[in-house]
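Accompanying notes for the structure given below.
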Amino acid sequence: MEETLENPQMNTSPPIPETLSNSQEENTTEESKPLFDQNEIFKALEIVEKDSLAIAETYVSLFSSLRLILSEVTSSSVDHMRCFSDAAGRVQESALDAATKGNRYINSCLRLNEELKSIDSLALQLKILRKNVDTLDSAVTKLVRFP
17 MEETLENPQM
27 NTSPPIPETL
37 SNSQEENTTE
47 ESKPLFDQNE
57 IFKALEIVEK
67 DSLAIAETYV
77 SLFSSLRLIL
87 SEVTSSSVDH
97 MRCFSDAAGR
107 VQESALDAAT
117 KGNRYINSCL
127 RLNEELKSID
137 SLALQLKILR
147 KNVDTLDSAV
157 TKLVRFP
């Protein structure tokens, strides 16, 4: 095919036989169709066929490479999605665990707060008891020192 493209005027004029009768000359001039040599046509077809085969092989190789790369990318994407799913599942479990422990802590703090509210009255009772003990101690000390 390259040969034909490089020499575009090759085979454009029909071969003229040396001995033509007058009637044959009139027929060739009237038709004015170029006659191509069969060998040249076969060579051109052979070149086109070789080029077509080379292009087809290139496409096969290209599609094979694309299929392999697409398979690798898809496999990698599936792996990443599994990893993401596992990580998201672990984060969710950790968040639920932290929330549960946080709720327990809050409930413990509320119970402790309720218990500490009653401690004020207990402290007041202890002060009164201490005062009574001190009063009793003073009274006993006065009685024991009786001369």
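Using the working numbering, read the sequence shown as starting at 17 and increasing by one per residue.
Where is the CB? At the ideal position from N, CA and C, for every residue including glycine.
Just so it is clear, the structure is predicted and the values come from calculations on it, not from any experiment.
Nonlocal neighbours in the same chain, by C-beta distance under 7 Å from residue i, ignoring five residues either side
i: residue 37; result: The predicted model places residue 37 with a pLDDT of 48, which falls under 50 and marks its position as unreliable, so this point remains unresolved.
i: residue 148; result: none
i: residue 45; result: Unreliable placement is indicated for residue 45, whose pLDDT of 49 sits below 50; the coordinate value is still reported in the next sentence. Once the five neighbours on either side are set aside, residue 45 has no close Cβ partner at all.
i: residue 151; result: none
Terminal residues of the alpha helix (DSSP H) in which residue i lies
i: residue 52; result: Neither: residue 52 is in no alpha helix (DSSP H) and is coded neither H nor E.
Same chain, Cβ closer than 8 Å to residue i, neighbours up to 5 away in sequence not counted
i: residue 73; result: none
i: residue 157; result: none
Cβ shell of residue i (< 6 Å), same chain only, five flanking positions each side left out
i: residue 141; result: none
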